[in-house]
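Worksheet for the structure shown next.
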Amino acid sequence: MKLAVFSTKKWVRDSFSSNLPPSLDITFFEARLNAETAVLADGFDSICIFVNDDVNDTVIGILADHGVRIIAMRCAGFNNVDLKSAEMHGIIVCRVPAYSPYAIAEHALGLILSLNRKYHRAHARVREGNFSLDGLMGFDMHGKTIGIIGTGRIGRIFMNVISGLGVKILAYDKFPSDEVKTKGITYVELEQLYKDSDIISLHCPLTYETYHLINDFAIKSMKKGVMLINTSRGPLIDTGSVINGLKSGIIGYVGLDVYEEEGDLFFEDLSDEVIQDDTFVRLQTFPNVLITSHQAFFTTEAIDNIRDTTFDNLIQIEDTGTCANIVINVPDTDTVR
Ligand code: NAD
24 MKLAVFSTKK WVRDSFSSNL PPSLDITFFE ARLNAETAVL ADGFDSICIF VNDDVNDTVI
84 GILADHGVRI IAMRCAGFNN VDLKSAEMHG IIVCRVPAYS PYAIAEHALG LILSLNRKYH
144 RAHARVREGN FSLDGLMGFD MHGKTIGIIG TGRIGRIFMN VISGLGVKIL AYDKFPSDEV
204 KTKGITYVEL EQLYKDSDII SLHCPLTYET YHLINDFAIK SMKKGVMLIN TSRGPLIDTG
264 SVINGLKSGI IGYVGLDVYE EEGDLFFEDL SDEVIQDDTF VRLQTFPNVL ITSHQAFFTT
324 EAIDNIRDTT FDNLIQIEDT GTCANIVINV PDTDTVR
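Each residue of the sequence shown is one higher than the last, beginning at 24 in my numbering.
In structure tokens form, the structure reads like this:
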């Protein structure tokens, strides 16, 4: 099978070139997949894409015209693929549903501790010979309330990760889990979670329903000084509302691994360029905002799992026409992403 891998960085090439099954003939493209670059897939049976490739109806049409039969996503979320269009063109979409929930959960904790104890600022200061503690005061995690929105694979591991800190955990999920309840975790309505949480961590998928879940209305009902953590998908947060929340002081800290317009920025070295996204630049001016460039998944274990599952998916589909990780288009639903 001929496989074209889009949005290739060095780490993708290194990982996917090792353990390569003999039945896969792989070509790497640095380009992101979009309507301009889709023709590169000419002559390939399958393509492999990542979180910021834009696989809309036009792109799917081009891929189908050029003979692509399988879109293998090397990530869990699939909000960037028009599943209905893929189905109409007979293109199979598969993904890697879980590669390391630990990686993301641990990164969320890292953001929380860094924002609280300001390690990033302290490190920069000490390197400059500034040993002052002014402005570095944090708070004990012990006794604080952490609200978790989305108690799936990552949300549950996140619960385990933080449970040693002596915090109280509140949870909200559209589909509460019995497993979580048996652990003594209380499910509450969103309003109560907003009202009572000192820290709110987002672990739900991006759907039509969760788009801008964190908006002016939600922020108004939050505890003053709340810490907001998003390692899930950027558009869960209305960035303008969060900036207003930071300015008013309702939001005390923001930790982001994802950003709603990240497609123009993340994964690229733009250090010599003028950033055109004024909203992003404004966000970075706050001393209590910490942003990482969609790296929560980026551990050795996760990358190995992504590679192995992607190859398994492709080989199974080639051999049997299906695999366990196919993403099915469910019409008229907002809960599939
Ligand atoms: P999952 O499907 O196991 O869990 C998602 C949970 O969200 C489920 O329990 C589901 O019931 C719940 N949910 C669905 N709709 C909801 C709603 N409207 N309100 C509240 N909860 C709702 O997914 P997961 O593996 O835990 O991943 C969660 C998200 O993390 C993914 O959707 C993905 O966007 C993101 N992610 C980010 C990274 C990263 O590197 N930053 C890596 C992997 C995944």
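Each residue gets a CB set at the ideal place from its N, CA and C atoms; glycine is no exception. Here the structure is a predicted model, which means the values were calculated and not measured.
**OP:** Grab me the residues of Phe-39's own chain with a C-beta within less than 7 Å of its C-beta, minus the 5 sequence neighbours each way, in chain order.
**Re:** Excluding residues within five positions, the ones whose Cβ falls inside 7 Å are Val-28, Ile-49 and Arg-330.
Subject >> Residue span of the beta strand (DSSP E) that contains Leu-193, given as start and end >> reply: 191-195
Original post:
Leaving out five residues before and five after Asp-287 in sequence, what residues of the same chain have Cβ atoms less than 7 Å from its Cβ?
Top reply: The residues are Asp-300.
Original post:
From this set, Ser-69, Phe-101, Asp-65 and Gly-90, which residue's C-alpha is nearest Thr-78's C-alpha?
Top reply: For the record, residue 78 in the displayed sequence is Val; it is not Thr. Comparing Cα positions, the closest option is Phe-101.
**OP:** To the nearest angstrom, report how far apart Ser-255 and Pro-44 are at their CA atoms.
**Re:** 31 Å
**OP:** Say yes only if the C-beta of Cys-227 is nearer than 7 Å to one or more non-hydrogen atoms of the ligand NAD, and no if none qualify.
**Re:** yes
**OP:** Given a cut-off of 8 Å, decide if Leu-132 and Val-184 are closer than it, judged by their beta-carbon atoms.
**Re:** Yes, the pair counts as a contact, with Cβ atoms nearer than the cut-off.
Original post:
Ala-121: beta carbon under 7 Å from a heavy atom of the ligand NAD?
Top reply: yes
Subject >> Burial state of Gly-275 (16 or more Cβ within 10 Å) >> reply: Buried is the call here.
Original post:
In or out: Val-62 buried (at least 16 other Cβ within 10 Å) or exposed?
Top reply: exposed
Original post:
The alpha helix (DSSP H) spanning Val-312 covers which residue range?
Top reply: No alpha helix (DSSP H) holds Val-312; the beta strand (DSSP E) holding it covers 312-314.
Original post:
Which term fits Glu-202, buried or exposed, when burial requires 16 or more other beta carbons within 10 angstroms of its beta carbon?
Top reply: So Glu-202 counts as exposed.
**OP:** Give the secondary structure of Val-350 by DSSP, where H, G and I count as helix, E and B as strand, and everything else as coil.
**Re:** coil
**OP:** Please report how far the alpha carbon of Ile-349 lies from the alpha carbon of Glu-341, in whole angstroms.
**Re:** 13 Å
Subject >> At least three beta-carbon pairs within less than 8 Å, the segment 204-217 to the segment 251-267 >> reply: no
**OP:** Return the Cβ separation of Ile-222 and Ile-135 in integer angstroms, given the expectation that the two are a contact with Cβ distance under 8 Å.
**Re:** The Cβ separation is near 6 Å, so the contact holds.
**OP:** Identify, in the order they occur along the chain, each residue of the same chain with its Cβ nearer than 8 Å to the Cβ of Asp-88, setting aside the five sequence neighbours on each side.
**Re:** none
**OP:** Give me the Cα-Cα distance between Val-190 and Gly-207, rounded to the nearest whole angstrom.
**Re:** 13 Å
**OP:** Would you check whether the ligand NAD has a heavy atom nearer than 7 Å to the C-beta of Glu-232?
**Re:** The ligand NAD approaches Glu-232 closely enough that one of its heavy atoms is under 7 Å from the residue's Cβ.
**OP:** With a 10 Å radius around its C-beta and 16 neighbouring C-beta atoms as the bar for buried, classify Met-160 as buried or exposed.
**Re:** It is exposed - the Cβ of Met-160 has fewer than 16 other Cβ atoms within 10 Å.
Original post:
How about Asn-267 and Leu-225: are their beta carbons less than 8 Å apart?
Top reply: no
Original post:
Which one of Arg-150, Ser-69, Val-281 and Gly-173 has the shortest CA to CA distance from Gln-318?
Top reply: Val-281
Original post:
Is it true that the CB of Glu-59 sits closer than 8 Å to the CB of Thr-31?
Top reply: Taking 8 Å as the Cβ cut-off, Thr-31 and Glu-59 do not qualify as a contacting pair.
Original post:
Would the C-beta of Pro-45 count as close to the ligand NAD, meaning under 7 Å from any of its heavy atoms?
Top reply: no
Original post:
Expressed to the nearest angstrom, what Euclidean distance is found between the alpha-carbon atoms of Lys-247 and Ala-109?
Top reply: Answer to the nearest angstrom: the Cα atoms are 45 Å apart.
**OP:** Report the rounded CA-to-CA distance for Thr-174 versus Ala-99, giving the unit in angstroms.
**Re:** 15 Å
Original post:
Regarding Val-281 and the ligand NAD, is the C-beta to nearest heavy atom distance less than 7 Å?
Top reply: yes
Original post:
Between Lys-167 and the rest of its own chain, which residues show a CB-CB distance below 6 Å, the 5 nearest in sequence each way excluded?
Top reply: Val-190 and Asp-221
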